[in-house]
Structures are given as structure tokens and as C-alpha cells.
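Each remark here refers to the structure printed beneath this line.
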Amino acid sequence: MNRFITLFLCLTITLAAHAQSYLLPSRPLVDSSLAPFFHGVASGDPLSDRVILWTRVTTEDVSVSVDWQIATDTLFANVVSSGTITTDTSIDHTVKVDATGLTANMWYYYRFKAYNRYSAIGRTRTVPVGNNDSLRFAIVACSNFQAGFFNVYHDIATRNDLDAVLHLGDYYYEYEATGYGYDGDSNRLHSPDHEALTLADYRMRHSQYKLDPDLRYCHQQYPFITIWDDHETANDSYHDGAQNHTPSTEGDWFTRKDAGKKAYFEWLPIREISAGNDTIIHRTEHWGDLLDLIMIDTRYEGRDSSLGQFISATNPYLTDTARHLLGNEQLTWFKGELSNSTSKWRVIGNQVMIAPLQAAGQVLNGDQWDGYPAERRRVLDHIMQNNLKNIVFLTGDIHCSWGNDIPHPDSTYVQATGRGSVATEMVCTSVTSPTFAGLGSVPLSAIQLFDKHVKYAELSLRGYLLLDVNKVRVQGDWVHMSTVTSKIYTATDDAHWMNNDNERFLRQAPSALGPRPGNPPLTQFVTSIGEVANNMVIIGCYPNPAENEVAIQYYLSEPSKVEVTITDISGKNVYTRSTQQTQYGLFNTKAYIDNLAAGSYIVSISASGKTYSKQIVKNK
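If you number the sequence shown the way this note's numbering does, the last residue is 1126 and the count never jumps.
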């Protein structure tokens, strides 16, 4: 995501500076009651007869056998499916089960067992088949751990009126500690403290985010349906590069991209398109006759490089029909999904804004569909030529809230009636990532001077989109948080817009969405406050085999001196490194082994009277 810092400079709005107070970081806690499932449980990609179940086992063993159960009740008196699966270091001890044989449109409870201990109980559901007239989702994007508390996830988890959560990308951020998003207000820092580059780095970053109690609780209550955006690897990424990647100092791009994708599929409850395939993420979920949810990849699969910001509308690259955002293969698939859908609504999960956003003859952000107008025209032409209606795009990425009509480039758009619009777009703001607080006072009329199809815009608040679907309309309510720098917050429903059946434009809804009863009770929330693991816990140690370094993520329940040693198979000490940690919480360290000969070694880490040892193999 191009951070869009200069969004409306053309409106001569300046950002107000504010003092920053850099305090000691607040690190994730490890709840001893959850051992060995410190990262909780999650579910995702529900179908009518199956759903993905996920957890991660924290263990010193190379491999471990894990039992799983899914039932219709929290006591597991009626277990409908169960089994045993083995996980190991090759997938970072994550566990993913495609639990099959389930009944459509049902809520279920699931749990895991390893080392004779059960995980927390998760709650999930299957999708309906046939006639259906009520669905509700929370739409989120852009959650930056060091930009604030995850109040959005907490609010979603506790409302208990949803069918699923749709995450539209930037599930985490790759930046270093005190890098993008950090201003000291919430005292949260990224782990590892350097920018994520390797598979070990991305695994550590996923681990840190999953230890957050609010994100963990949200996963525990609802199935997630996810797509990635750029920060799952590097800012403003595309098929063969990224703005935030320098090959001369950060290595081969495809190696880095593959590492980010592998960690993503390991750590999220997403179903592979085919066994072992962590490259293709576009897919469709059919929610009965009411909704086809089409998730597309505008980031890695077929995207050409971005043109940057503030591009002249006459730039020849904008008219280059050879430039792609989806790529030919995905575009063909997408057109087919749109045409072949028999559901009332086609809702597209999409990373970047598809509606135009231009000012004074300038394309403001070439990272969006605006930078690929030929690809956008192909999609809009297909919709109109086939007289397809009831199409709503859902979008993240931009860290502010928008409700847009999507005009055809050949049409004369009429704001009052929506004539000339092909479809609609609802854009959710960020979970925590920085917004444009200095632009919060920009009136909608100023935006509409250049972009008349923008029906709603709020540029300063974090939050989520509440999407409610029935046979007569799709309504989106923008729910915003009062703060993300404190755990004490309020959530307000600030705007509500809808796309009526057989219309191609947004109308303001008459009222906010009300209660939607019918969900079973929430499962128990296990808090980490005041209940932390004793001494030291090793969360991860990788890679193994290794070539240059071994990364260790560990948790301290109290400040302590931490010592890392490496011995060869004869017991000779070949490496020692000591660090005095002055806080408790999650940490990471590295042991550098470039100068060691190829062979087997024992890596040991000691703190608070506890020592953890692991055998590793040094390649080359």
C-alpha cells in the first residue's frame, strides 16, 4: 500500500504535527493456561460441508501428534468429526485441518489436544445452501501492531451478530520496530525488531500478532476469510518486485515473496487451492442463493509495477493496454465467476480502491486500480456487456472510509441519480494503521469537486465495515473507534449506505443496522492479563537446517539475563552471546553461525534458571 501521505495536498491541507513520547514497549504476554496452544485457535474458509481449523503447538520436539474434534456443543458430547494430525518444524508446528462431513448453515465448536492438554474452544460455522435472506460480515484491513491496540478486533469479537470476518489484507506489517506506524502512544513494538525479510522473520511476526488477546479472541469466535495485500511481504509489492525491497541489500525478491506466502499459509486458516499451493489465493465462496463472495488477488499474481503517485492523466503508461493488475489468467477466471454466478449478489473482496480518485488532472495513487485503467475497463466492460447487476466491491488498503459509485470511463456520471455507474464500492478504514487525521475536516464537497462519484468519505478514524446482506439490498455501516492508543474506547456507527437490488449506485440508508439475534453464545475468553507463563518459554527456533543464523523467539515472565550458546557434538562451546533484558514479555534474538563448519550443533538459551536446547544442522 502506497501510504498515500500526500492524498489531498492539492486541497492545501497540512498535517498537524504532534509530540511523540517513546516509552518502553508493551510486549505480548504468554498465557500459561493456554500451553501448548499459546496462539489460540482459528477457523476459516467455511463451505457448506467443511471448514478449516487452525492452531499452533509451542514445543521443543521436532514433531508432535495433535488430536482435534468438532462438535455441536461446548461440552463435546456430540462430536461430529475428529482425527489426529502430525505437525513439525517444516510448517512451524502449525496445524490446519479441513474438517469435512459437516451440515450446512450450522454453528460448531472445535478444539485441539496435544501433550494431554486441550486448547481453548473455538466457535465456527458452515455456509448456507439454497434459500437464504440474511448474512452479516465484519470487513477489516490494515492491522499494524505497533500503531495501536486492536480495539477493532475486540469490538467485532464481542458483538455476536456476524457470520464471518473478511480480512482484506495487511494482516500484519513487515516494518522494523519503531518504524512505520509507531509513535509511542500505545508502547507496542514489532518483533523481530528488524524488518521482516526471511521465513523466520515472517513466522515471528505472525506469532507476535497471534499472541495479541483481541486478535486471538476474534479468531476464536468467527471464521475468517482472508486475502493478502502488500505488507504480508513488503510495501507496494507486485509480481516481480516491491517498493520496499532492495535486491542488492535484501536479496532475491522471489525468495522473500515465497517466504511471506509460506508463512501466511502456515499461520492463517486458509484453504489451499490445491495441495501445497501457496501461490494462488483467488477463490469464490457460495453463501446459498443470496451471495457469491469472490476474493481476488490484485497484488502478487499478475500485477505489473506501480506508477507511483500523482501521475498525469496523459501519462502514456496509463493507456498501455499491456499493463495488468489481475493478469490474464485471473482476469479470465474473474469474468467467468461474475457471469456464471446465480446468486442475488456478487460481492468482491479486493485489496485496492477500484473507483477513480483523481484531482486536477492527476491520478493520486497509481498503486490502486487508477494505475491500471485498461484492466479496470476490461472488468467494467464485461459487467455492462453482460448486463450484470448487484455487484459490490469491498476494499481495504487506504486507511480511511469511503462509499463510492464506480463510473464507467465512457459514461457521463450523474451524481444525483447514479446514472453512469457500473457497480458500487465500500472501503473499510484500518484496524490500527495511520489514517489522515489532519484531513479529517476536509468536506465531502471538496472531494466531489474532482470525484463526484464519491458518496461518503471519512479520512481520520480507524474501525471496520459492518456489511449486511438480504434479498433487497446490501447495506454497509462504517463503525469507528474513538481511539486505538488506549484499551478504553467507544465504537460508533457513523455512516450507513446501501446498494438496492437491481441498482448500480449507493443510496444513503434510512438508519443504522440494528441487532441481529440468533447466534449461539460466545465461547469463553481466556485473558492473558495477570496469568503469564513461568520463567521462560521458547516460542520458535528456526531455520533448521540453517546457513547463516538461527533466530529464536522467546518469552520471559520477568526481567532476566539471557544467554545463547552453541556447542558442537563434542561439547565444545563455539558461540556465546549474553543480553540483559530489563522487561518481561516477548523477545527475539539471533545466533550467527556464518563462521561455523558444516555439521550438527546444539543451540541452548538460558534465562531465569531454565535452559532450552535444540539440535540444529549447519549447511555449507
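Beta carbons are placed, not taken as given, at the ideal position from N, Cα and C, and that holds for glycine.
Nothing here was measured: the structure is a model prediction, and the numbers come from that model.
- Under DSSP, D876 forms no beta bridge with any residue.
- Where K716 is concerned, the enclosing alpha helix (DSSP H) starts and stops at 705-716.
- Around the CB of R533, 16 or more other CB atoms lie within 10 Å, so the residue is classed as buried.
- Annotated three-state conformation of S847 is coil, per DSSP.
- Remark: three or more beta-carbon pairs, one from each stretch, lie closer than 8 Å, so the region 590-598 and the region 1042-1056 are flagged as touching.
- Non-local beta-carbon contacts of D1007 in its own chain, meaning distances under 6 Å to residues more than five positions away in sequence, involve V978 in chain order.
- Residue range 719-727 is occupied by the alpha helix (DSSP H) that includes P719.
- In the DSSP assignment, H792 forms a beta bridge with D798.
- By the C-beta criterion, the region 661-675 is judged not to be in contact with the region 811-821, since fewer than 3 inter-stretch pairs fall below 8 Å.
- Taking 8 Å as the cut-off, the Cβ atoms of A644 and Y962 do not count as close.
- The region 679-697 makes contact with the region 651-662; the number of CB pairs closer than 8 Å reaches 3 or more.
- G636 has its alpha-carbon roughly 36 Å from the corresponding atom of I904.
- Taking C-beta atoms as the reference points, V937 and V658 count as a pair closer than 8 Å.
- As computed with DSSP, D1074 is found in a beta bridge with Y1107.
- Of all C-beta pairs linking the region 709-716 to the region 779-789, fewer than three are shorter than 8 Å, placing the two stretches out of contact.
- The residue from L965, V570, T609 with its alpha-carbon nearest to that of D555 is T609.
- Along the region 996-1048, the beta strand (DSSP E) occurs as fully enclosed runs of 3 or more residues at 997-1006, 1012-1014, 1042-1048, listed in sequence order.
- With a beta-carbon spacing of about 27 Å, M1042 and K993 fall beyond the 8 Å limit used to define contacts.
- Under the Cβ criterion (8 Å, minimum of three pairs), the region 732-744 counts as touching the region 759-776.
- Ranked by Cα distance from Q1087, the first of A1113, A1103, A866, N1101 is A1113.
- Within its own chain, the residues whose Cβ lies closer than 8 Å to the Cβ of W1003, once the five positions on either side in sequence are excluded, are G909, M932, K961, Y962, Q981, G982, L1012, R1013, Q1014, A1015, listed in chain order.
- Annotated three-state conformation of K1126 is coil, per DSSP.
- Excluding sequence positions up to five before and after D887, its CB lies less than 6 Å from no other CB in the same chain.
- Listed in chain order, the non-local C-beta contacts of D974 below 6 Å within the same chain comprise R642, Q981, L1019, local neighbours out to five positions each way being set aside.
- Between the region 795-811 and the region 733-749 there are three or more C-beta pairs closer than 8 Å, enough to call the two in contact.
- It is roughly 9 Å from the alpha-carbon of I1108 to the alpha-carbon of V1123.
- Look at the beta carbons and you see the region 602-621 not touching the region 907-921: under three pairs across the two are nearer than 8 Å.
- Across the structure, N750 and R1022 are spaced so that their CA atoms are roughly 43 Å apart.
- Counting every other CB atom within 10 Å of its CB across the protein chains shown gives K763 a total of 16 or more, marking it as buried.
- Exposed is the label assigned to T825, since fewer than 16 other Cβ atoms lie within 10 Å of its Cβ.
- It is roughly 13 Å from the alpha-carbon of V563 to the alpha-carbon of W574.
- Judged by DSSP secondary structure, F899 falls outside any alpha helix (DSSP H) and instead within the beta strand (DSSP E) spanning 897-901.
- Comparing alpha-carbon positions, the option among V536, G1091, F543 lying closest to S1066 turns out to be G1091.
- Sequence-distant Cβ neighbours of Y728 in its own chain, meaning closer than 7 Å and more than five residues away, are L668, A670, V671.
- Under the DSSP assignment, G969 falls outside any alpha helix (DSSP H), being part of the beta strand (DSSP E) whose first and last residues are 969-975.
- Annotation: D720 to P915 spans about 42 Å, alpha carbon to alpha carbon.
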